[in-house]
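Quick note, the sequences are listed as chains X and Z, same order.
According to the numbering used here, the first sequence is numbered sequentially starting from 60.
According to the numbering used here, the second sequence is numbered sequentially starting from 60.
Note that the Cβ used here is the ideal one computed from N, Cα and C, for glycine as well.
Structure first, then comments.
2 protein chains.
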Amino acid sequence: MALISAFTPVFGAVLCGIIAFFFFRTSWRSESSSGQNPPRTSGESSRPWVDEDLQDDTEISGKDNEDDDWTVSETENLPHVPYSPPRYSEEEMMERSQQFFTLLNQRRSVRFISPEPVPRDIIHNVIRAAGTAPSGAHTEPWTFVVVGDSETKHRIREIVEEEEEINYKQRMGDKWVNDLRRLRTNWVKEYLDTAPYLILVFKQTYGVLPDGKKKTHYYNEISVSISCGLLLAALQNVGLVTVTTTPLNCGPQLRLLLRRPANEKLLMLLPVGYPSPDATVPDLTRKQLDDLMVFV
Amino acid sequence: MALISAFTPVFGAVLCGIIAFFFFRTSWRSESSSGQNPPRTSGESSRPWVDEDLQDDTEISGKDNEDDDWTVSETENLPHVPYSPPRYSEEEMMERSQQFFTLLNQRRSVRFISPEPVPRDIIHNVIRAAGTAPSGAHTEPWTFVVVGDSETKHRIREIVEEEEEINYKQRMGDKWVNDLRRLRTNWVKEYLDTAPYLILVFKQTYGVLPDGKKKTHYYNEISVSISCGLLLAALQNVGLVTVTTTPLNCGPQLRLLLRRPANEKLLMLLPVGYPSPDATVPDLTRKQLDDLMVFV
């Protein structure tokens, strides 16, 4: 009886100890992942991702390139050369800026793409244009995989549609009042077969140096996204259409299908071609200057 | 005594219950943040950032827009209209693609910017061009703050240089053999005073609906980066220069200085103007097509 009554306070103490342990452990975890003490590095520390594939490297934070200026570091040891680009008169600048805005403003995302072939050399120049983007420390962390082969395009379509169908069916479980037909339209990606080219844009999350060590690719996602902006402008410039898609859950499967290395992650998939004759787009509007810009 | 002995098994059961509760809670948390069972949503779940400022919202993963296709969801209920952009002959396409690549290939990041004034209307068109970018669910999650006021530019310079100087002095502690002069050059950002305009690009990490609820801004960082690509192309098109800088540690201070709301985060700072007459650039080379592209 004395033994039994001795256990009760012991149990109580153990109970309190365990509660305290778990409590402090969970609050430490939430603190470090919420970044309350941000490290003094720029770069890509702590950037988890939905892909299982991506444990690699986005946690490397190098102190080498804390400078916010992308041109420094790697390029510091290169000789500098004079730079003196074309200069236009103010009237020319005004006209050019208006024409360029008009051109880009006509660009829309288009899912109805004609199977009509497009000369490959044009695509080459579009890719070259994308490759002129700035990048953190001039790492140029991009790979553009251009798929013209029908079988491969079809395999890509199968992978993407399978993933999308799962997504939508899960949603149907939650929102059963949805229009079935609308959902089916959304997971069928005919353009993946019909478009003459699929451009899969991969970001290189890190590089590999000659000695085998990893090379940090600072701001690789921002850099590759900027590059995609140039790619979209280049496509619009020649009258080709595309739609920006981000089938990231399929990223690992597509990486393996296209035999890209482990440091590459799919960022975007762009089907490219002429618009089909009956192509339509949602009748949306863009923000006006007042909503885009604040002038100080 | 009977009462005391009755408590012991009760304590034991409570103890086990509490241990089990905390155990499952922590393992659920680590599972969802490491993505081992990736949520079936695309979007920006679990994306911490270096800014203290950013607790807001990048963890919201909406099931609304699981589609990888950016045009769906919000735009689904809009009427569709025919889309039929200009079409060029293959020869024209070839020529246009070559000219555009040549134009973009001349673009370099330039830190030596002339104080010569630039007409504001040209900058307006450049911003409008950037605003034509695609965005996740057409959220257009960008704000371009254009600073022409000298005092504000100077304050921006002070903030950025202070942060950079701290960074470099920390590095000096580690690498004391570094050339002092080279380091000093790197943290002095004269262009922040001399450039006629500073364009600070903010990403809206979430929106606010009329009822006050948060609106998810899917892929806001990728969208705003694409928009920056268009902005760089538009600047190059009119003969203006800039350098892509990402002073992210200063993000919160700059946000407050410019009175931007809590949902906006600084993505990039671009000083804009004509190149100074003695401007130089590092003599670097860009990847050739073979290194940019893989053709399947």
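Apart from the five residues on each side of it in sequence, which residues of its chain come closer than 6 Å, Cβ to Cβ, to residue i?
{"i": "Val206(X)", "result": "Lys212, Leu257"}
{"i": "Gly195(Z)", "result": "Trp129, Tyr277, Tyr278, Ser282"}
{"i": "Ser173(X)", "result": "Gly332, Tyr333, Ser335"}
{"i": "Ala293(Z)", "result": "Val185, Ala188"}
{"i": "Leu74(Z)", "result": "none"}
{"i": "Ser284(X)", "result": "none"}
{"i": "Val204(Z)", "result": "Leu259, Leu317"}
Among the candidates the options, whose CA atom is the shortest distance from the CA of residue i?
{"i": "Arg318(X)", "options": "Ala192(X), Thr202(X), Ser286(X), Glu249(X)", "result": "Thr202(X)"}
{"i": "Arg155(X)", "options": "Leu137(Z), Pro68(Z), Ile182(Z)", "result": "Ile182(Z)"}
{"i": "Pro145(X)", "options": "Val355(Z), Pro341(Z), Asp349(Z), Ser335(Z)", "result": "Ser335(Z)"}
{"i": "Leu315(Z)", "options": "Ala292(Z), Glu223(Z), Ile281(Z), Phe261(Z)", "result": "Phe261(Z)"}
{"i": "Tyr265(Z)", "options": "Asn308(Z), Ser284(Z), Thr198(Z)", "result": "Thr198(Z)"}
{"i": "Leu137(Z)", "options": "Val355(X), Val353(X), Asp342(X)", "result": "Asp342(X)"}
{"i": "Pro141(X)", "options": "Gln157(Z), Glu151(Z), Tyr227(Z), Gln165(Z)", "result": "Gln165(Z)"}
{"i": "Thr253(Z)", "options": "Val300(Z), Pro193(Z), Val355(Z), Glu151(Z)", "result": "Val300(Z)"}
{"i": "Ala338(Z)", "options": "Trp246(Z), Thr191(Z), Phe171(Z)", "result": "Phe171(Z)"}
{"i": "Leu162(Z)", "options": "Glu149(X), Thr191(X), Gln158(X)", "result": "Thr191(X)"}
{"i": "Ala321(Z)", "options": "Thr344(Z), Asp270(Z), Gln263(Z), Asp350(Z)", "result": "Gln263(Z)"}
{"i": "Glu217(Z)", "options": "Gly76(Z), Leu313(Z), Glu323(Z)", "result": "Leu313(Z)"}
{"i": "Val177(X)", "options": "Asp350(X), Val355(X), Glu323(X), Val297(X)", "result": "Val297(X)"}
{"i": "His139(X)", "options": "Leu351(Z), Thr344(Z), Phe354(Z)", "result": "Thr344(Z)"}
{"i": "Leu289(Z)", "options": "Ile215(X), Glu149(X), Tyr147(X), Phe159(X)", "result": "Phe159(X)"}
{"i": "Pro356(X)", "options": "Ile77(Z), Met352(Z), Leu291(Z), Val355(Z)", "result": "Within the shown structure, residues of chain X are numbered from 60 to 355, placing residue 356(X) beyond reach of any answer."}
Sorted by chain position, which residues of the same chain lie with C-beta nearer than 8 Å to residue i's C-beta, five sequence neighbours on each side aside?
{"i": "Glu175(X)", "result": "Pro255, Gly332, Tyr333"}
{"i": "Val340(X)", "result": "Arg167, Ser168, Val169"}
{"i": "Glu223(X)", "result": "Asn245, Trp246, Lys248, Pro306"}
{"i": "Asp349(X)", "result": "none"}
If you run the structure through DSSP and keep just helix, strand and coil, what is residue i?
{"i": "Ser86(Z)", "result": "Per-residue confidence for Ser86(Z) stands at a pLDDT of 48, beneath the threshold of 50, marking its modelled position as unreliable; the derived number appears in the next sentence. Of the three classes helix, strand and coil, the one that applies to Ser86(Z) here is helix, per DSSP."}
{"i": "Ser335(X)", "result": "coil"}
{"i": "Gln347(X)", "result": "coil"}
{"i": "Val69(X)", "result": "helix"}
{"i": "Tyr250(X)", "result": "helix"}
{"i": "Thr202(X)", "result": "strand"}
{"i": "Pro138(X)", "result": "coil"}
{"i": "Pro144(X)", "result": "coil"}
{"i": "Thr303(X)", "result": "coil"}
{"i": "Pro311(X)", "result": "helix"}
{"i": "Lys324(Z)", "result": "strand"}
{"i": "Leu290(Z)", "result": "helix"}
{"i": "Phe160(X)", "result": "helix"}
{"i": "Asp238(Z)", "result": "Low confidence applies here, because Asp238(Z) scores a pLDDT of 47, under 50, leaving its location unreliable and the question unanswered by this model."}
{"i": "Tyr227(Z)", "result": "helix"}
{"i": "Lys262(X)", "result": "strand"}
{"i": "Ser194(Z)", "result": "coil"}
{"i": "Val355(X)", "result": "coil"}
By Cβ distance, which residues of its chain are closer than 7 Å to residue i, with the 5 residues on each side in sequence left out?
{"i": "Leu268(X)", "result": "Lys274"}
{"i": "Thr303(X)", "result": "Ser168, Met327, Leu329"}
{"i": "Val219(X)", "result": "Lys248, Leu251, Pro306, Cys309"}
{"i": "Leu325(Z)", "result": "Leu259, Phe261, Leu307, Gly310, Leu313, Arg314"}
Taking C-beta pairs closer than 7 Å, name the residues in chain X that residue i reaches, listed in chain order.
{"i": "Lys346(Z)", "result": "Gly190, Glu199"}
{"i": "Ser286(Z)", "result": "Gly288"}
If the cut is a Cβ gap below 7 Å, which residues of chain Z does residue i touch?
{"i": "Asn184(X)", "result": "Ser156, Gln157, Phe160"}
{"i": "Ile172(X)", "result": "Ordered by position in chain Z, no residue passes the 7 Å Cβ test against Ile172(X), which lies about 11 Å from the chain."}
In chain X, what lies closer than 9 Å to residue i by C-beta?
{"i": "Arg216(Z)", "result": "Near Arg216(Z) there are no residues of chain X at all, since even the closest Cβ is about 13 Å away, more than 9 Å."}
{"i": "Val204(Z)", "result": "Met352, Val353, Phe354, Val355"}
{"i": "Thr211(Z)", "result": "Val355"}
Buried or exposed: which applies to residue i, given that a residue is buried once 16 or more other Cβ atoms fall within 10 Å of its Cβ?
{"i": "Pro306(X)", "result": "buried"}
{"i": "Gln347(Z)", "result": "exposed"}
{"i": "Cys287(X)", "result": "buried"}
{"i": "Arg179(X)", "result": "exposed"}
{"i": "Gln295(X)", "result": "buried"}
{"i": "Lys272(X)", "result": "exposed"}
{"i": "Glu280(Z)", "result": "buried"}
{"i": "Glu151(Z)", "result": "exposed"}
{"i": "Val69(X)", "result": "exposed"}
{"i": "Glu323(X)", "result": "buried"}
In chain Z, what lies closer than 9 Å to residue i by C-beta?
{"i": "Gln165(X)", "result": "Pro144, Pro145, Thr191"}
{"i": "Asp342(X)", "result": "Thr134, Leu137, Pro138, His139, Val140"}
What in chain X is Cβ-close to residue i, meaning under 8 Å?
{"i": "Asn296(Z)", "result": "Arg155, Ser156, Phe159"}
{"i": "His276(Z)", "result": "Chain X residues near His276(Z): none, gap ~14 Å exceeds 8 Å."}
{"i": "Ala338(Z)", "result": "Pro141, Tyr142, Ser143"}
{"i": "Asp208(Z)", "result": "Val355"}
Mind pulling the chain Z residues with CB within less than 8 Å of residue i?
{"i": "Glu149(X)", "result": "Pro178, Ile181"}
{"i": "Arg187(X)", "result": "Phe160, Asn164, Leu348, Leu351"}
{"i": "Pro334(X)", "result": "Tyr142, Ser143, Pro144"}
If you measure from the beta carbon of residue i to each beta carbon in chain C, is any gap under 8 Å?
{"i": "Thr303(X)", "result": "This model lacks chain C altogether, as its protein chains are X and Z."}
Regarding residue i and the ligand ATP, is the C-beta to nearest heavy atom distance less than 7 Å?
{"i": "Thr211(X)", "result": "The ligand content of the structure shown is nil, which means the ligand ATP is not present either."}
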